[in-house]
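*Asks:*
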Ligand code: NI
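Pasting the structure below:
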């Protein structure tokens, strides 16, 4: 395991689309382990591969003590009801703001071995999934801020 550098806002990498992961091999597992290390070291709740300079559909997150690895995540349904709460991002230091997100999402993805998984989650989980999946499409939370908080 090793730490990776976190790409910061202003760099092109964060604005690019990502590619689907097709190989579930040791290179992927190394990257996942490094991403988890990097997320925890920087006290983040989630990290998407473009944030470490890799343009692939890979996300790690920890919500309410549960750790998730999501390969090729896709939000397949979301509630129309939304809530507004504060977000930050390891790629956007010293900026926080209120963003509206769906109350509930269902996300389909693969685990590190390529097995299909589907999870439905609410509130913080839903917010985190939306934030991280946005990263895979070149979207940052600052694009969606309703109000800056600090
Ligand atoms: Ni982020």
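Residue numbers (the working numbering): 15 to 164. Glycine included, every Cβ here is placed at the ideal spot set by N, Cα and C. Source: prediction; values computed, not measured.
Have a look at residue 99 and residue 147 and give me their C-alpha separation to the nearest angstrom.
*Replies:* About 17 Å.
*Asks:* Of all the beta strand (DSSP E) runs that stay within the bounds of the stretch 103-155, which reach a length of 3 or more residues?
*Replies:* Runs found: 106-116, 118-124 and 130-136.
*Asks:* How is residue 61 classed by DSSP in three states: helix, strand or coil?
*Replies:* The answer is strand: DSSP assigns residue 61 an E or B state.
*Asks:* Assign residue 47 to one of three DSSP states: helix, strand, or coil.
*Replies:* In this structure, residue 47 counts as helix in the three-state DSSP scheme.
*Asks:* Taking the straight line between their C-alpha atoms, what separation do you get for residue 143 and residue 43?
*Replies:* Each residue's alpha carbon lies about 20 Å from the other.
*Asks:* Whole angstroms is fine: what's the gap from residue 111's alpha carbon to residue 123's?
*Replies:* So the alpha carbons of these two residues sit roughly 28 Å apart.
*Asks:* Taking residue 76 as part of the beta strand (DSSP E), name the residues at either end of that continuous run.
*Replies:* Taken as a continuous stretch (DSSP letters only), the beta strand (DSSP E) holding residue 76 covers 72-77.
*Asks:* Return the residue from the list 47, 134 and 54 that minimises the CA-CA distance to residue 91.
*Replies:* Comparing Cα-Cα distances from residue 91 to each of 47, 134 and 54, the minimum goes to 134.
*Asks:* Which partner residues of residue 83 appear in the DSSP bridge assignment?
*Replies:* Per DSSP, 74.
*Asks:* Below 6 Å CB to CB, which residues in the same chain sit around residue 162 once its five sequence neighbours on both sides are set aside?
*Replies:* Taken in chain order, the residues that qualify are 111.
*Asks:* Does residue 157 come out as helix, strand or coil in the three-state DSSP assignment?
*Replies:* Three-state DSSP puts residue 157 in a helix.
*Asks:* Which residue wins for smallest C-alpha separation from residue 28, given the options 35, 20 and 108?
*Replies:* The residue with the shortest Cα to Cα distance from residue 28 is 20.
*Asks:* Please confirm whether residue 126 and residue 83 have their CB atoms less than 8 Å apart.
*Replies:* In this structure, residue 83 lies closer than 8 Å to residue 126 by Cβ.
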